[in-house]
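Q:
Shown next as structure tokens:
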């Protein structure tokens, strides 16, 4: 049986899974190193006008430690895609496999548990809990997923705040720090349980350019340290920080660009 | 020290940082729990202290009123095996001078064989000594307090023959078996038979207090023993039995004289308590729904970072539990305070002592169980619903007012013409969340129905009193002890300046003889002029007495309770003394607090009793057309008393129509005040509920409000949008409350009237109550919407965008 085949663009595919490789051997290696497989995923939303397709058969894979940007214009389906990958939403058809686990077959609670251990989520609007201080915004993730002993929670949270450069504000509530600082806390929270992958939806969409670069530097260094980073953006400059960019248009992957 | 988990820190911070919302939940729980504590503790305290004190003094199972007798008769009765104890008593009506008010008050002087060893319905010495001499008296403690006298002080007693005697107070006693001064305005004093003799009375007893040996609480058995005693001992000994009765107002043997009334009142309070709990539960559901609605996004975030549903359910249950504990800490003393208030009121009117004002442990356990489990149980539904939401919807869809399917109400609203778009939007908003609308409506409807019901109860009571008042259409009535000639009595009354009408009435005790040889219980036979205007009876059937009605009688509804076979046209054999005569019933009059009665023309009364031309009561009026005012009544009363005293006819105190109803009203008002307080609590709870719902609606439609602001809606129009919605809900609740208040008013009025008057209901709906509630509910609608309206008006477009 033939494992890899060439598509019309001269890119090797395994099944319908593309890694943007024009080299068959590298394509097979990528597949073997793959942490995330998005297989033929379709999603549409019901509106007053009927069903509107958001994703129409999207397939791609992400290697462990890879920094991937999902790039597209507004309405391209990128946020839908990252929501499906992070288990926040479910596809109508197709599969999302993370480390061999088909996450769309998990229940809502199982997906929460899975996220707690495997995936840190960073939202565009930070989504910190307003009544908790910064440390507690991080320890809540540890507490809920029970990944670490209780006695280590605060120490690790402080360490993560140091890592994102905001430890001085540890005891402040989110409302007392800037947007950029809040996003740093959100990243620290995403790292709370030391997940292998971080998924960020327009993480800098609400920030100025200087703050934006600071955030992207964090993602970049995380990728270098072995974390798999998936960032959704409509900003080419942001996409340029990634190892690989997946271009989305009208719910389909249109082309690949290698760095 | 063990570190606290962040989830619990979050819960504590949520509680602390949303103080007003937390206070609302605490208040919602506390109101219901405090009401339960207050009512149940008061019930237990009354039952414990009043009923126990009542039982402790060997209460009489039966009272037999007999023609004058001596101690030996009591001894003969006591020797019967059916009787455990038989104690004779003599009661004489007299007057006591109240120095503080410079007026004479009624007093019943009771003589017993030995004041140091009363055996039946025992009083308890409070102060001084029971060793009364011939010229001393023991006063019941409420009477002593009202007269302002203590041990060693002197009181002046005026006997029916108008002679005055000064007695020294030897002791103050507490008698739980008599109707107390605070309730009846009639004092009670205890004297030796020698004292009565010294005061000009014959040394005989006129009443036997009996404790039945077997089954002392079996009503039928006790009455049977009474009849046996009468037939086997008293009547064969040559004495006449006037009445055999169980003490109290419709009570069973061994029960406190006001047992049924107390139970009726407590039942009403318990119904109110259950309603308070139901409303409290509803309010908790509402507020917790609001909390969850507000935290939907947080729920989404918690799930996004690894939280599972059961963890969130637990978090919110702990949230409710913490608030419940605080509410309980508040409710326990509040309940205690309420119980203290009600028990003290009861103690003051029913003349008993509260031995211990601690909340009974059973009540505390009830409150703790209810306080901890009820909120968690009712909050479970909104918590389960709130945490069911998917992460996607929680994070990305909250804050959007969902459009619902078109329905009849919405289609109707769409057709409304001439209504401004913002008002139309408010009206449509009202019907968006039907389950929430229904909840708010239920809360406010219940409060409204209760409020109007209380007013209807008041109106019905007033109507009932007015109906009863038709049997007392005199200005002043004065008893003539021993009777006197009719012509003399009427002539002397008409000589009182201002008196235009004077009627002489006579009364006697009798029985109806049954075909099987048995007889009815004692009934009062009243002889009146056929054209009497000091009575205006409410006839349930048939007609009133007419001129020439020799063999015709009118009976009252009370008589029909025991003689159920009687109706208009029935023939009855009436026995008074030794005389028996047949009569035809021509009319049935309503109940009027008199007990079983038969009315007949005074001429027929004279024929039946043989007391020719004698009358026992003189009833006068200043005008034939109408009753006079209070001042005139009092003036005539004083003049009539003076006139009769000077004529040697009577030196008793007269009764004015106003005085009779003033006493009634006082008792009713106490009950109504308690009911109004409960209705006010319910309306506060209803208002809180509406406020919570309005807050929830505003929260849910944050984005919509932002859109309105973005297209130019002013603060005032956003404000109006919310207020109109609140007032619409309030008005709808008013309409449904008005409908519900008819059956609930009927039930409450019937319960109160039955408890207080032992009478059937003559319901009167209170339109005044309906109008007052309309004003209140509109104010509730406005005030409940103010805070949510302010928050809505404060929302900026930027905040709304951030909300997304």
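Residue numbers (the working numbering), protein chains in the order written: chain S, 198 to 456; chain U, 72 to 875. Note that CB positions come from ideal geometry on N, CA and C, so glycine has one too. These figures come from a predicted structure and were not determined experimentally.
1. In this structure, does DSSP put residue 642 of chain U in helix, strand or coil?
2. Put residue 221 of chain S into one of helix, strand or coil per three-state DSSP.
3. Note down, in chain order, each residue of its chain lying with its Cβ closer than 6 Å to the Cβ of residue 875 of chain U, except the 5 sequence neighbours on either side.
4. Just to make sure I have the definition right: I need the residues of chain U whose C-beta is within less than 7 Å of the C-beta of residue 342 of chain S. Which are they?
5. Leaving out the 5 sequence neighbours to the left and right, which residues in its chain are closer than 6 Å to residue 266 of chain U when beta-carbon positions are compared?
6. Name, please, each residue of chain S whose Cβ falls closer than 9 Å to the Cβ of residue 380 of chain U.
7. Please name the residue, chosen from U:578, U:328, U:410, U:359, that lies closest to residue 448 of chain U on a Cα-to-Cα basis.
8. Going by C-alpha to C-alpha distance, which of U:342, U:802, U:378 sits closest to residue 109 of chain U?
9. Is residue 319 of chain U near residue 287 of chain U, with beta carbons less than 8 Å apart?
10. Looking at C-alpha atoms only, which residue of U:812, U:793, U:842 is the closest neighbour of residue 854 of chain U?
11. Any contact between the region 396-411 of chain S and the region 249-261 of chain S? By contact I mean 3 or more CB pairs, one from each, below 8 Å.
12. Applying the 10 Å Cβ sphere with the 16-neighbour rule, what's the burial state of residue 473 of chain U?
13. Between the C-alpha atoms of residue 309 of chain S and residue 375 of chain U, what's the straight-line distance to the nearest angstrom?
14. Give me whichever residues DSSP pairs with residue 654 of chain U in a beta bridge.
15. Hey, does residue 88 of chain U have any beta-carbon neighbour from chain S nearer than 8 Å?
16. DSSP has residue 575 of chain U in a bridge; who is on the other side?
17. Taking 8 Å as the limit between beta carbons, can you name the residues of its chain near residue 224 of chain U, skipping five residues before and five after?
18. Which same chain residues, not among the five before or five after residue 769 of chain U, have their C-beta less than 8 Å away from its C-beta?
19. Quick one: is residue 78 of chain U near chain S, going by C-beta distance under 8 Å?
20. On the premise that residue 128 of chain U lies in contact with residue 66 of chain U, defined as a C-beta separation below 8 Å, what is that separation, rounded to the nearest angstrom?
21. By alpha-carbon positions, which one of U:451, U:149, U:804 ends up nearest to residue 389 of chain U?
22. Is it right to say residue 810 of chain U is buried, meaning 16 or more other beta carbons lie within 10 angstroms of its own, or is it exposed?
23. Go through the region 80-164 of chain U residue by residue and report every complete run of the beta strand (DSSP E) that reaches 3 residues or more, in order.
24. Quick one: give me the first and last residue of the beta strand (DSSP E) that residue 295 of chain S is part of.
25. Relative to the C-alpha of residue 102 of chain U, which candidate in U:138, U:201, U:398, U:237 has its C-alpha closest?
26. For residue 241 of chain S, which residues does DSSP report across the bridge?
27. Look at the alpha carbon of residue 113 of chain U and the alpha carbon of residue 414 of chain U, and state the distance between them as a whole number of angstroms.
28. Return helix, strand or coil for residue 614 of chain U, following the three-state DSSP convention.
29. Quick one: residues in its chain with C-beta nearer than 8 Å to the C-beta of residue 198 of chain S, no 5 flanking neighbours on either side, listed in chain order?
30. Does residue 313 of chain S come within less than 8 Å of chain U when only Cβ atoms are used?
31. Spatial neighbours of residue 81 of chain U within its chain, please: CB distance less than 8 Å, with the 5 preceding and 5 following residues excluded, ordered by chain position.
32. Who are the near neighbours of residue 93 of chain U in its chain, counting only those whose CB is closer than 7 Å to its CB and skipping five residues on each side?
33. Which residue from U:329, U:555, U:340 puts its Cα closest to that of residue 248 of chain U?
34. Quick check on DSSP: helix, strand or coil for residue 270 of chain U?
35. Under three-state DSSP, which class holds residue 234 of chain S?
36. Mind pulling the alpha helix (DSSP H) runs of 4 or more residues that sit fully within the region 329-394 of chain S?
A: Taking the coordinates as given:
1. Numbered from 1 along the second chain, position 571 holds the residue referred to as residue 642 of chain U. Looking at residue 642 of chain U - three-state DSSP - the assignment turns out to be strand.
2. As a working mapping, residue 221 of chain S is identified with position 24 in the first chain. Helix at residue 221 of chain S.
3. Against the second chain, residue 875 of chain U aligns to sequence position 804. Its pLDDT being 43, under 50, residue 875 of chain U is placed unreliably by the model, and the measurement read from it follows with that caveat. Once the five neighbours on either side are set aside, residue 875 of chain U has no close Cβ partner at all.
4. For the purposes of this step, residue 342 of chain S is taken as the residue at position 145 of the first chain. Simply 377.
5. Working through the second chain from its first residue, we reach residue 266 of chain U at position 195. Here the set comprises 205.
6. Here the question's residue 380 of chain U lines up with position 309 in the second chain. The answer, in chain order, is 305, 306, 309.
7. Counting from one through the second chain, the residue named residue 448 of chain U turns up at place 377. With distances taken between Cα atoms, residue 448 of chain U lies closest to U:359.
8. Residue numbering aside, residue 109 of chain U sits at position 38 when the second chain is read from its first letter. Comparing Cα-Cα distances from residue 109 of chain U to each of U:342, U:802, U:378, the minimum goes to U:342.
9. Locating residue 319 of chain U in the second chain gives position 248, counting from the first residue. Locating residue 287 of chain U in the second chain gives position 216, counting from the first residue. Against a cut-off of 8 Å, the Cβ pair of residue 287 of chain U and residue 319 of chain U comes out as no contact.
10. Residue 854 of chain U sits at position 783 when you count from the first residue of the second chain. It is U:793 whose Cα lies nearest to the Cα of residue 854 of chain U.
11. no
12. The residue labelled residue 473 of chain U in the question sits at position 402 within the second chain. Note that residue 473 of chain U has pLDDT 49, beneath the 50 cutoff, so the model's placement of it is unreliable and the number below is only indicative. Exposed, by the Cβ-count rule.
13. Position 112 of the first chain, counting from 1, holds the residue named residue 309 of chain S. Position 304 of the second chain, counting from 1, holds the residue named residue 375 of chain U. About 6 Å.
14. Within the second chain, residue 654 of chain U is the residue found at index 583, counting from 1. Residue 654 of chain U is bridged to U:643.
15. Counting from one through the second chain, the residue named residue 88 of chain U turns up at place 17. So, interface residue.
16. By one-based count along the second chain, residue 575 of chain U stands at place 504. DSSP output for residue 575 of chain U lists U:689 as bridge partner(s).
17. The sequence position of residue 224 of chain U within the second chain is 153, counting from 1. Same-chain partners within the cutoff: 239, 240.
18. Against the second chain, residue 769 of chain U aligns to sequence position 698. Same-chain partners within the cutoff: 776, 793, 859, 860, 862, 863.
19. Position 7 of the second chain holds residue 78 of chain U. At least one chain S Cβ lies under 8 Å of residue 78 of chain U.
20. With chain U covering only 72 through 875, there is no way to say anything about residue 66 of chain U.
21. In the second chain, residue 389 of chain U corresponds to position 318, counting from 1. Considering only alpha carbons, the answer is U:451.
22. Numbered from 1 along the second chain, position 739 holds the residue referred to as residue 810 of chain U. Exposed, since its Cβ has fewer than 16 Cβ neighbours within 10 Å.
23. 133-140
24. Residue mapping note: residue 295 of chain S aligns to position 98 of the first chain, counting from 1. It spans 290-295 - the beta strand (DSSP E) in which residue 295 of chain S sits, taken as one unbroken run.
25. The residue given as residue 102 of chain U occupies position 31 in the second chain. Among U:138, U:201, U:398, U:237, the Cα nearest to that of residue 102 of chain U is on U:398.
26. By one-based count along the first chain, residue 241 of chain S stands at place 44. In the DSSP output, where bridge partners are listed per residue, residue 241 of chain S has S:250.
27. As a working note, residue 113 of chain U is residue 42 in the second chain. As a working note, residue 414 of chain U is residue 343 in the second chain. Taking the straight line from one Cα to the other gives about 5 Å.
28. Along the second chain, read from residue 1 onward, the residue named residue 614 of chain U stands at position 543. Note: residue 614 of chain U maps to coil in three-state DSSP.
29. Within the first chain, residue 198 of chain S is the residue found at index 1, counting from 1. Summary for residue 198 of chain S: the model assigns pLDDT 45, below 50, so the residue's position carries little reliability; its value from the coordinates is reported in the next sentence. Excluding sequence neighbours, residue 198 of chain S sits near nothing in its chain.
30. Your numbering for residue 313 of chain S matches position 116 in the first chain. Yes, contact with chain U.
31. Indexing the second chain from 1 puts residue 81 of chain U at position 10. Hits under 8 Å: 386.
32. Stepping through the second chain from its first residue, residue 93 of chain U is reached at position 22. Excluding sequence neighbours, residue 93 of chain U sits near 86, 394.
33. Within the second chain, residue 248 of chain U is the residue found at index 177, counting from 1. It is U:329 whose Cα lies nearest to the Cα of residue 248 of chain U.
34. Here residue 270 of chain U refers to the residue found at position 199 when the second chain is read from its first residue. Reduced to three states, the DSSP call for residue 270 of chain U is coil.
35. In the first chain, counting from the first residue as 1, residue 234 of chain S sits at position 37. Residue state, collapsed to three classes: strand.
36. 331-342, 350-360, 376-387
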